[in-house]
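Every letter in the sequence shown is one number past the one before it in UniProt numbering, and letter 139, counting from 1, is 139.
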Amino acid sequence: MSGCGKSSLVKKRLVKATDQVVIFDPKREYDGELLGRVVRVYHSFSRFAQAVVAGRKTKQGFKIAWQPDLKKGDTKPADFDKFCQIVWGCGDGHHVKPLKVVCEEVAEHSETAGKATGYHGKLLRLGRSYGIHTINLFQRGQEVSKTIIDNCQHMYVMMQKTGASAVYLEKMTGIPSAVINDLQPLHYLHQNGKGYEAGLIRW
1 MSGCGKSSLV KKRLVKATDQ VVIFDPKREY DGELLGRVVR VYHSFSRFAQ
51 AVVAGRKTKQ GFKIAWQPDL KKGDTKPADF DKFCQIVWGC GDGHHVKPLK
101 VVCEEVAEHS ETAGKATGYH GKLLRLGRSY GIHTINLFQR GQEVSKTIID
151 NCQHMYVMMQ KTGASAVYLE KMTGIPSAVI NDLQPLHYLH QNGKGYEAGL
201 IRW
């Protein structure tokens, strides 16, 4: 649910200052700095692609975000697919650093809760073979492709608004819904494989 701490989890737990990170940022949540590094923001896909390709030619960390041009209205699934297409083209299984891909608001840009399609589906199913580590953020598991949950090694479950959402996540992860229902803001359950442990994001 909104306000549970998903973006805080990314900033405090899932990426490091030295990582190569690209961000699909439709709500403009990554302006400024991330882990002491300036986030370079692009509204043009061509300029975003040029920046990521140039960054991948180095061994240095970077933080590059694509954000929508507010004059053009809300983002659409086609924008997300274009972002994922660019990322897919930057995969390199022999690179010394993986490319970490932060995908915000995945549910808002998914057209089906079934098998993931388009370039996002490619990233989920084949990305790790090409050095691409995808971080998918969403509020309700029922609204996103089951491919996300089925293909991920690590899952972070955070506070849910309804018991129905907790029951759905129990079905998909095996984590008891009662445990999920007890979560408070900034608390999470980290599942690695089938086991899980509780944690807290501290600022």
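Just so you know, even glycine gets a beta-carbon here, dropped at the ideal spot from N, CA and C.
Everything numeric in this text was worked out from a predicted model, so none of it was measured.
Where does residue i sit, in a helix, a strand or coil, going by DSSP?
| i | result |
| --- | --- |
| residue 41 | strand |
| residue 32 | coil |
| residue 158 | coil |
| residue 100 | strand |
| residue 179 | helix |
| residue 27 | coil |
| residue 48 | helix |
| residue 134 | strand |
Along the chain, where does the alpha helix (DSSP H) that runs through residue i open and close?
| i | result |
| --- | --- |
| residue 88 | 77-89 |
My guess is that residue i and residue j are in contact by the Cβ rule of under 8 Å, so how many angstroms apart are they, rounded?
| i | j | result |
| --- | --- | --- |
| residue 67 | residue 28 | 5 Å |
| residue 57 | residue 96 | Incorrect: roughly 12 Å between the Cβ atoms, too far for contact. |
| residue 80 | residue 120 | 7 Å |
| residue 61 | residue 20 | 6 Å |
| residue 168 | residue 193 | Between residue 193 and residue 168 the Cβ distance is about 20 Å, and since that is not below 8 Å, they are no contact. |
When we look at the beta-carbon of residue i and count the other beta-carbons within 10 Å, is it buried (16 or more) or exposed?
| i | result |
| --- | --- |
| residue 70 | exposed |
| residue 147 | buried |
| residue 31 | exposed |
| residue 99 | buried |
| residue 124 | buried |
What residue range is occupied by the uninterrupted beta strand (DSSP E) comprising residue i?
| i | result |
| --- | --- |
| residue 17 | Where residue 17 is concerned, there is no enclosing beta strand (DSSP E), given that its DSSP letter is neither H nor E. |
| residue 149 | Careful: residue 149 lies outside any beta strand (DSSP E), inside the alpha helix (DSSP H) at 146-151. |
Cβ contact check for the segment 46-54 and the segment 9-18: 3 or more pairs under 8 Å
Contact between the segment 46-54 and the segment 9-18 is not established, with fewer than three Cβ pairs separated by less than 8 Å.
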